[in-house]
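Here the sequence shown is numbered in the numbering used here, starting from 1 and rising by one per residue. For glycine and all other residues, C-beta sits at the position ideal for the given N, C-alpha and C. Predicted model, so just to flag it, every value in this text is computed and none were measured.
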Amino acid sequence: MIGNRYIVQDAHRESKTVSSRLIVALVVVAALALVLGFRLAHLQVFKYRHFAMLSEDNRVRIEPVSPTRGIIFDRQGEILAQNLPVFSLEVIPEVVDDMDAMIASLRRIVDIGEEDLRAFRLAMKSARRSESVPLRLRLEDQERARFEVNRHLFPGVNVRAWLARHYPFGSVGAHVIGYVGRIDDRDLRRIDVNAYRGQSSIGKIGIERSYEELLRGRVGYEHVETDVRGRKLQVLERRDPVPGQNLFLTIDIRLQKAAEELLEGHKGAVVAIEPATGFVLAMASAPRFDLNLFSSGTVDADAYLALSQSPDRPLFHRAISGQYPPGSTVKPFLGLAGLDRGLEHARSKAWCRGWLTLPGTTRRYRDWRAGGHGIVGVEEAIEQSCDVYFYVLANALGIDSMHEYLTEFGFGEPTGIRLGSEGSGLVPSREWKRRTHGQGWYPGETLITGIGQGFMLATPLQLASATATVANRGLRLRPQLIHRIISSQKSAHAEFMQAQRLSPMRTYNDRDWDEIVEAMVGVVHDRRGTAYEVGVGFPWRVAGKTGTAQVYSIGQDEEYDEEAIDKRLHDHALFVAFAPADDPKISVAVVIENGGSGGAVAAPIAADVIKAWLSRPPPKGSPPVIAEGMPVASAVEAGDDRERIATAPLSSASVESDRAVSGGSMSARIPSP
1 MIGNRYIVQD AHRESKTVSS RLIVALVVVA ALALVLGFRL AHLQVFKYRH FAMLSEDNRV
61 RIEPVSPTRG IIFDRQGEIL AQNLPVFSLE VIPEVVDDMD AMIASLRRIV DIGEEDLRAF
121 RLAMKSARRS ESVPLRLRLE DQERARFEVN RHLFPGVNVR AWLARHYPFG SVGAHVIGYV
181 GRIDDRDLRR IDVNAYRGQS SIGKIGIERS YEELLRGRVG YEHVETDVRG RKLQVLERRD
241 PVPGQNLFLT IDIRLQKAAE ELLEGHKGAV VAIEPATGFV LAMASAPRFD LNLFSSGTVD
301 ADAYLALSQS PDRPLFHRAI SGQYPPGSTV KPFLGLAGLD RGLEHARSKA WCRGWLTLPG
361 TTRRYRDWRA GGHGIVGVEE AIEQSCDVYF YVLANALGID SMHEYLTEFG FGEPTGIRLG
421 SEGSGLVPSR EWKRRTHGQG WYPGETLITG IGQGFMLATP LQLASATATV ANRGLRLRPQ
481 LIHRIISSQK SAHAEFMQAQ RLSPMRTYND RDWDEIVEAM VGVVHDRRGT AYEVGVGFPW
541 RVAGKTGTAQ VYSIGQDEEY DEEAIDKRLH DHALFVAFAP ADDPKISVAV VIENGGSGGA
601 VAAPIAADVI KAWLSRPPPK GSPPVIAEGM PVASAVEAGD DRERIATAPL SSASVESDRA
661 VSGGSMSARI PSP
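Written out as structure tokens, the structure is:
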């Protein structure tokens, strides 16, 4: 009995202990639940906005959407620069833990060069960590397949389809069209980085650079949901990009191709202008290069080195940056100046015996024809390119008067064409020589300036533009490369460029214009003309002028022996012309470096360019010809009042001086015309 009582008491005591422990446990659990509840409420209610933003940042990313770059056409609608679909390998930096290790592994399956890495690291500096940055452009199909098999090993690395630039004509028009390349340090210093989000390329030279703002379009954005590997799950919101505008150039690609083929084997330039509008029909520079070498965004180092270090300088745009002594091509302009001044020498005939000495000196300034030309007036002097006649005329005009007249035709200053690195040329004056050389002007320097030698320099574009001004009888128009601009959007409209009249020239006597133009016609069609051979049987009357610019100086009593000197020191060959002489449709300037005689080398090239243009039907959509006495803007608007006419904004061109030959030297040797 006693034993049973103890058992009952122990059971009761144990039950009581268990109950106490349960109560304590429940209290603790309740307290913890209460704390957790308060904490949860704090996080979900009071801190909701804060953590919602953190959560949103983890799964939602803002991605830039690249606009489609505008297409470049020639005036007939031939595509000169277009966009083709390609694939690139891109990286989202914030998803990659160890960038160097990832790239090292990736290089085992994809060819990633040092230039790719340099461009990638530069792009990462200006991109947000959540943005996709190109690592390798233009993946080959096999590389893309290898990556797709191993994609799971590379979180944050994706293949993206994009549009790359392609140039269907390769090297034709290379210096004018230009190319795009990867954005580099120099570009970053001059651009608004936000305007280039999601873009890796930018126009580097030519039209691609000068009209970058119109071509590039405006970037769009997407709010995208991604997984932990950075892969896109869905698009939450999108703002579409605005495509770039399409540009139609004034260039006719068939004429451009013909001009470049005529330059094959030479170093030099051809520029052809439509006198009535100032529109550039062709602008060829030789040697040339293939634009598609640069279209991948990265350039093969060996290929670029070969181009940049070539003694022939294929990357140099000779048509606008090459500066050459114009030689005898200046004679029509100085002849007109003499007639305008009413100088007795310009209105009368003079005897040319083959050389001239200034009073009180013994130095002989020789004519290219040793025996002289006999009795000549201004017309015969231009036809036969008589140097002695123009020595006397230059001496009568004086250097400052020549500077005034030549500047009026656009020599010595950039034309204002919207293309980078245009040379300004040089027309010397007394003040210029004092300022740059700290010396006075010598009378002999006036004489050689009268035949386009000495300090004077001109670009092929300036020569073509000045010749077009003669064709227009004094109407000077700015050379232009844009024919029309077409918007890429649904509400597309065309903006046609107006002919842009430059500062009005003085009024020259009609009889003086007639005399100079007929003299230029005689250069090509008179038996004594220096370009007569190209005029024989030519189907149109051509007004032209030959020129031969001295490169190598020899002593007064020495003879010029072309075979005895290096090819690079041979004379430059020049020719300027317009045709038909009575109704000009084309003005041409040809410069052949170290080509020798202008009449024998440059004139045939110009004749073939003229023939190529005049023998084909008028180009579609060509603007109306400016009638005499009709305001320039009105003439253009008269073409079609249904289209909106606008003038392209022009920024002052950057000037990059590059004297193609040494100027300022005085020599007794006079090059042939």
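*Please name the residue, chosen from E422, I382, Y442, that lies closest to T361 on a Cα-to-Cα basis.*
Here residue 361 corresponds to residue number 361 of the sequence shown, with the count starting at 1. Cα-wise, what sits closest to T361 is Y442.
Taking only the alpha-carbon atoms, compute the straight-line gap between D571 and S105 and give it to the nearest angstrom.
Position 571 of the sequence shown, counting from 1, holds the residue named residue 571. Position 105 of the sequence shown, counting from 1, holds the residue named residue 105. Whole-angstrom Cα-Cα distance: 59 Å.
(Q) Give me the residue from V588, T407, P460 with the minimum Cα distance to S503. (A) By one-based count along the sequence shown, residue 503 stands at place 503. If we check each option's Cα against that of S503, T407 comes out closest.
Checklist entry - Would DSSP call W162 helix, strand or coil? => result Working through the sequence shown from its first residue, we reach residue 162 at position 162. Of the three classes helix, strand and coil, the one that applies to W162 here is strand, per DSSP.
Note to self: Given this structure, state the Cα-to-Cα distance separating S19 from L40, to the nearest angstrom.
What the structure shows: Position 19 of the sequence shown holds residue 19. Position 40 of the sequence shown holds residue 40. Going from the Cα of S19 to the Cα of L40 covers about 31 Å.
To the nearest angstrom, report how far apart E225 and L236 are at their CA atoms. Residue 225 sits at position 225 when you count from the first residue of the sequence shown. Residue 236 sits at position 236 when you count from the first residue of the sequence shown. Each residue's alpha carbon lies about 7 Å from the other.
*What residue from D141, A471, H317 has the CA that sits closest to P584's CA?*
Position 584 of the sequence shown, counted from the first residue, corresponds to residue 584. The candidate whose alpha carbon is nearest that of P584 is A471.
**Q.** Limits of the beta strand (DSSP E) - the one that H437 falls within
**A.** Within the sequence shown, the letter at position 437 stands for residue 437. From DSSP, H437 is part of no beta strand (DSSP E) but of the alpha helix (DSSP H) over 430-437.
> Where do the N-terminal and C-terminal ends of the beta strand (DSSP E) with S308 fall, by residue?
Replying inline: Taking the first residue of the sequence shown as 1, we reach residue 308 at position 308. From DSSP, S308 is part of no beta strand (DSSP E) but of the alpha helix (DSSP H) over 301-308.
Using DSSP's beta-bridge definition, name the partner residues of N83.
On the sequence shown, position 83 is the one that residue 83 refers to. Answer is R165.
| If you run the structure through DSSP and keep just helix, strand and coil, what is M505? | Locating residue 505 in the sequence shown gives position 505, where the first residue counts as 1. The answer is coil: DSSP assigns M505 none of H, G, I, E or B.
_Which residue marks the beginning of the alpha helix (DSSP H) containing I103, and which one marks its end?_
As a first step, residue 103 must be located in the sequence shown, where it is residue number 103. Per DSSP, I103 belongs to the alpha helix (DSSP H) from 99-106.
Three-state secondary structure (DSSP) of Q500
Translated into the one-based positions of the sequence shown, residue 500 becomes position 500. Q500: coil per DSSP, three-state reduction.
For E212, tell me which candidate among R288, L293, L461, V180 has the shortest Cα-Cα distance.
Here the question's residue 212 lines up with position 212 in the sequence shown. Among R288, L293, L461, V180, the Cα nearest to that of E212 belongs to V180.
Requested in this report: Return the chain-ordered list of same chain residues with a C-beta closer than 8 Å to the C-beta of D184, the five sequence neighbours on each side being excluded.
Outcome: Position 184 of the sequence shown holds residue 184. So the qualifying residues of the chain are A119, L122.
Would you report the Cα separation of P624 and F294, rounded to the nearest angstrom?
Residue 624 sits at position 624 when you count from the first residue of the sequence shown. Residue 294 sits at position 294 when you count from the first residue of the sequence shown. Caution applies to P624, whose pLDDT of 43 falls short of 50 and renders its modelled position unreliable; the model cannot decide the point.
Is G420 closer than 8 Å to A531 when the C-beta atoms are compared?
Position 531 of the sequence shown holds residue 531. Position 420 of the sequence shown holds residue 420. No, they are not a contact pair.
Item to check | Cα-Cα separation between E515 and V392, rounded to whole angstroms | outcome: Taking the sequence shown and counting its residues from 1, one reaches residue 515 at position 515. Taking the sequence shown and counting its residues from 1, one reaches residue 392 at position 392. Taking the straight line joining both Cα atoms gives about 19 Å.
**Report entry** Of the listed residues D98, F575, R151, nearest to T548 (C-alpha basis)
**Finding:** Here residue 548 is taken as the residue at index 548 of the sequence shown, counted from 1. Among D98, F575, R151, the Cα nearest to that of T548 is on F575.
| task | Compute the Euclidean distance between the alpha carbons of A303 and V590, then round it to the nearest angstrom. | result | On the sequence shown, position 303 is the one that residue 303 refers to. On the sequence shown, position 590 is the one that residue 590 refers to. C-alpha separation (whole angstroms): 29 Å.
Starting from K232, trace the beta strand (DSSP E) in both directions and tell me its first and last residue. Reading the sequence shown from its first residue, position 232 is the one you call residue 232. From DSSP, the beta strand (DSSP E) with K232 extends over 232-239.
How long is the line joining the alpha carbons of R216 and V193, rounded to whole angstroms?
-> Translated into the one-based positions of the sequence shown, residue 216 becomes position 216. Translated into the one-based positions of the sequence shown, residue 193 becomes position 193. Their backbone Cα atoms lie some 13 Å apart in a straight line.
- Sorted by chain position, which residues of the same chain lie with C-beta nearer than 8 Å to S90's C-beta, five sequence neighbours on each side aside? Mapped onto the sequence shown, residue 90 falls at position 90. For the record, residue 90 in the displayed sequence is Glu; it is not Ser. Excluding positions up to five away in sequence, the list reads S132, V133, P134, L135, V157, N158, V159, R160.
Cβ-Cβ distance between V176 and G203 below 8 Å: Locating residue 176 in the sequence shown gives position 176, where the first residue counts as 1. Locating residue 203 in the sequence shown gives position 203, where the first residue counts as 1. Not a contact, by the Cβ cut-off of 8 Å.
Handout entry: 8 Å contact criterion, which D290 and S171 should meet: CB distance rounded
Key = In the sequence shown, counting from the first residue as 1, residue 290 sits at position 290. In the sequence shown, counting from the first residue as 1, residue 171 sits at position 171. Yes, D290 and S171 are in contact; Cβ-Cβ is about 5 Å, under 8 Å.
Among residues of its own chain, excluding the 5 on either side of L26, which ones have a beta-carbon nearer than 8 Å to its beta-carbon?
Mapped onto the sequence shown, residue 26 falls at position 26. Contacts found: none.
Output the boundary residues of the alpha helix (DSSP H) element that contains I482.
Position 482 of the sequence shown, counted from the first residue, corresponds to residue 482. Unbroken run through I482 is the beta strand (DSSP E), 482-486; no alpha helix (DSSP H).
**Prompt:** Who pairs with S130 in a beta bridge, going by DSSP?
**Reply:** The sequence position of residue 130 within the sequence shown is 130, counting from 1. Answer is none; S130 lacks a bridge partner.
Note to self: On the criterion of 16 or more Cβ atoms from any shown chain inside 10 Å, does I23 qualify as buried, or is it exposed?
What the structure shows: Mapped onto the sequence shown, residue 23 falls at position 23. By the neighbour-count rule (16 or more Cβ atoms within 10 Å), I23 is not buried but exposed.
At the level of alpha carbons, what is the spacing between Q462 and P85? Along the sequence shown, read from residue 1 onward, the residue named residue 462 stands at position 462. Along the sequence shown, read from residue 1 onward, the residue named residue 85 stands at position 85. About 40 Å.
>> Out of A174, S201, G178, which one is the CA nearest neighbour of L187?
In response: Numbered from its first residue, the sequence shown carries residue 187 at position 187. The amino acid at residue 187 is misidentified as Leu; the sequence shows Asp. For D187, the nearest C-alpha among the options comes from S201.
- Determine the extent of the alpha helix (DSSP H) in which I177 is found, giving its start and end residues. One-based indexing of the sequence shown puts residue 177 at position 177. Run containing I177: 174-177, per the alpha helix (DSSP H) assignment.
| task | Kindly examine the ligand FAD and report whether one of its heavy atoms sits closer than 7 Å to the Cβ of V219. | result | This structure does not include the ligand FAD; it has no bound ligands of any sort.
Check: What distance in whole Å lies between the Cβ atoms of V219 and P241, which are believed to be in contact at a cut-off of 8 Å?
Finding: The residue you call residue 241 lines up with position 241 of the sequence shown. The residue you call residue 219 lines up with position 219 of the sequence shown. Sure, about 6 Å apart at Cβ, within 8 Å.
Original post:
Can you check whether the CB of G535 is closer than 8 Å to the CB of G529?
Top reply: To locate residue 529, count along the sequence shown from 1; it is residue 529. To locate residue 535, count along the sequence shown from 1; it is residue 535. Cβ atoms of G529 and G535: closer than 8 Å.
Any idea which residues DSSP pairs V280 with across the strands?
Start at 1 with the first residue of the sequence shown, and residue 280 comes out as number 280. In the DSSP output, where bridge partners are listed per residue, V280 has I273.
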